[in-house]
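These notes are about the structure you will find just below.
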């Protein structure tokens, strides 16, 4: 199974600021995803991070608000821009290997926006 | 798109009892069904999964059953222990598709 780390593990931010979350995997993976989990809710896919090209965003999520980078097969970043209290959530990185069905999740980044 | 419904939203059992969580899905093309356990302060952890060509899969105290005709699948935990207390999520996915998650079940096992 893949070992995924995320930084920071948690943060408290002021509204109007931006936060970049890093995701590092211990092996090369084909697919990397970013999810949001609002308090007490299920997991919602934000986007698929594509290596060397623009991320593929789900309905309701836009690049200006959640810019994503994926410079190589083991690393990705998600930025939450111009934050408001509604952005307070857990942000989760997830990966799936080549030809594999199993999808693994990182420990998450717990974000509180004041 | 796919829609996954999960029940119950909360489940409370006594230690040693069995727990069953049920999910239904809408897309008949879905062929992969994982279950995740999320403990407080942690990310979701895959505990068991099943493909559509299999009706049942077991791993020690955990089992998953799948009824393709009725489009529902269930998680069964036997001999529950306090450390089984967590939020459990079911999910469904088509080939090359994205995972769609259920709403989650908060399982509490009382000693």
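Chains as they are written, first to last, in the numbering used here: chain C, 1 to 114; chain D, 1 to 111. Glycine residues also receive a C-beta, built at the ideal position from the N, C-alpha and C atoms.
Three-way DSSP call (helix, strand, coil) for residue i in this model
| i | result |
| --- | --- |
| residue 71/C | strand |
| residue 82/D | helix |
| residue 56/D | strand |
| residue 8/C | coil |
| residue 87/C | helix |
| residue 34/D | strand |
| residue 66/C | coil |
| residue 3/C | coil |
Where residue i falls, given that 16 or more other Cβ within 10 Å makes a residue buried
| i | result |
| --- | --- |
| residue 104/C | buried |
| residue 93/D | buried |
| residue 58/D | exposed |
| residue 25/D | buried |
| residue 63/C | exposed |
| residue 38/C | exposed |
| residue 108/C | buried |
| residue 15/C | exposed |
| residue 40/D | exposed |
| residue 104/D | buried |
| residue 44/D | buried |
| residue 70/D | exposed |
| residue 30/D | buried |
| residue 95/D | exposed |
7 Å Cβ shell around residue i - same chain, five flanking residues per side excluded
| i | result |
| --- | --- |
| residue 61/C | 46 and 47 |
| residue 17/D | 80 |
| residue 72/C | 51 |
| residue 12/C | 112 and 114 |
| residue 46/D | 34 and 36 |
| residue 86/D | 37, 38, 39 and 107 |
| residue 28/C | 73 and 74 |
C-alpha gap between residue i and residue j, whole angstroms
| i | j | result |
| --- | --- | --- |
| residue 51/D | residue 92/C | 25 Å |
| residue 5/D | residue 42/C | 11 Å |
| residue 74/C | residue 34/C | 14 Å |
| residue 61/D | residue 77/D | 6 Å |
| residue 54/C | residue 65/C | 14 Å |
| residue 25/C | residue 2/C | 7 Å |
| residue 8/D | residue 67/D | 18 Å |
| residue 79/C | residue 42/D | 21 Å |
| residue 70/C | residue 65/D | 37 Å |
| residue 87/C | residue 82/D | 33 Å |
| residue 6/C | residue 84/D | 25 Å |
| residue 81/C | residue 90/C | 15 Å |
| residue 2/D | residue 10/C | 31 Å |
| residue 19/C | residue 40/C | 22 Å |
| residue 54/D | residue 8/C | 40 Å |
| residue 15/D | residue 23/D | 23 Å |
| residue 23/C | residue 72/D | 34 Å |
Close-in-space but distant-in-sequence residues of the same chain around residue i (CB under 8 Å, 5 per side omitted)
| i | result |
| --- | --- |
| residue 13/D | 19, 80, 107, 108, 109 and 110 |
| residue 91/D | 4, 33, 34, 35, 36, 99, 100, 101 and 102 |
| residue 85/C | 15, 113 and 114 |
| residue 49/D | 32, 33, 34, 35, 57 and 64 |
Expected contact under 8 Å - CB spacing of residue i and residue j to nearest Å
| i | j | result |
| --- | --- | --- |
| residue 77/C | residue 4/C | Rounded, the Cβ-Cβ distance is 14 Å, inconsistent with contact. |
| residue 98/C | residue 30/C | 4 Å |
| residue 102/C | residue 96/C | 7 Å |
6 Å CB neighbourhood of residue i in its chain, flanking five on each side removed
| i | result |
| --- | --- |
| residue 10/D | 106 |
| residue 49/C | 32, 55, 68, 70 and 76 |
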